[in-house]
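The structure appears right after this line, and notes come after that.
Residue numbers (our numbering): 1 to 254.
Structural data, given as structure tokens:
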């Protein structure tokens, strides 16, 4: 960035942290610089001209400058506030999880246009299209991991080659599909699917990204897909997410 006093880029706030008297440290996922940390001085003051931009899950155009290892906010103007999230606690809590999950699979200062687009599309599906959070969650999780290099092999049983596995299971550690009776010894943790949830899994992994959320499932099949997607995330990334715990705490007990 030497010789360039200001950088104009679009970015979404993945996380905001209060700092000093009235400052915030933002984790932004930007189109030009990838994931960066930005110091927004005076962002918590009422007089701050870009106060709306420093909220989590807000997509804005930023004018930044770099000093040492840090970026500093100079100006900001909102592009998309995702208002549908702000009026629905379940959708908002899921949005925080989508952001935290995206942050976990992106690296500093490395542009990740597909991951950025995927996050924006997921938030748009919740906010404007009003897609059910229970459907958006597993579709987002699985596709995000595909884009981040963890794509599962879901075209047939990894052991016998059967294209439609008998009693299908997703081995979430090895990232392969198997029949219920195949590979039992080798599998550390497998999640049961059904024909409908398997079809949805393949739609998510191999289908047109523009139609990612264009499927429907019955309650049981959706529960299986969601459990498999969540277990796959946990096994591949080897960590938990506080935002996921909060989202789940809002769900009714069965």
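Built from N, CA and C at the ideal position, the CB exists for glycine as well.
Judged by DSSP secondary structure, residue 121 falls within the alpha helix (DSSP H) whose first and last residues are 113-127.
The Cβ atoms of residue 150 and residue 175 sit closer than 8 Å to each other. Beta-bridge annotation (DSSP): residue 226 is not paired with any residue. Comparing C-alpha distances from residue 47 to each of 22, 29, 35 and 32 shows the shortest one belongs to 22. By the neighbour-count criterion, in which a residue is buried when 16 or more other Cβ atoms sit within 10 angstroms of its Cβ, residue 242 is exposed. Separation of residue 129 and residue 185 (C-alpha to C-alpha, rounded to the nearest whole angstrom) is 44 Å. With fewer than 16 other Cβ atoms from the protein chains shown falling within 10 Å of its own Cβ, residue 161 counts as exposed. Setting aside the 5 residues that flank it on each side, residue 205 is surrounded in the same chain by 142, 146, 151, 152 and 154, each with a C-beta closer than 7 Å to its C-beta; the list follows chain order. By the neighbour-count criterion, in which 16 or more other beta carbons inside 10 Å mark a residue as buried, residue 16 falls on the buried side. For residue 77, the enclosing beta strand (DSSP E) begins and ends at 70-80. Considering only 178, 25, 194 and 121, the residue with the shortest C-alpha distance to residue 187 is 178. Taking C-beta separations shorter than 8 Å and ignoring five residues to either side along the sequence, the partners of residue 83 in its chain run 127, following chain order.
Secondary structure at residue 98: helix, using DSSP grouped into helix, strand and coil. Non-local beta-carbon contacts of residue 63 in its own chain, meaning distances under 6 Å to residues more than five positions away in sequence, involve 6, 8, 74 and 75 in chain order. When C-beta atoms of the stretch 80-100 are compared with those of the stretch 133-140, three or more pairs fall below 8 Å, so the two segments count as touching.
Per the DSSP secondary-structure output, residue 171 pairs in a beta bridge with 176 and 190. At the C-beta level, residue 168 and residue 135 stay beyond 8 Å of one another. The beta carbon of residue 105 sits closer than 6 Å to those of 148, all from its chain and outside the five residues before and after it, given in chain order. Beta-bridge partners of residue 54 (DSSP): none assigned.
Note that the C-beta distance between residue 81 and residue 58 is below 8 Å.
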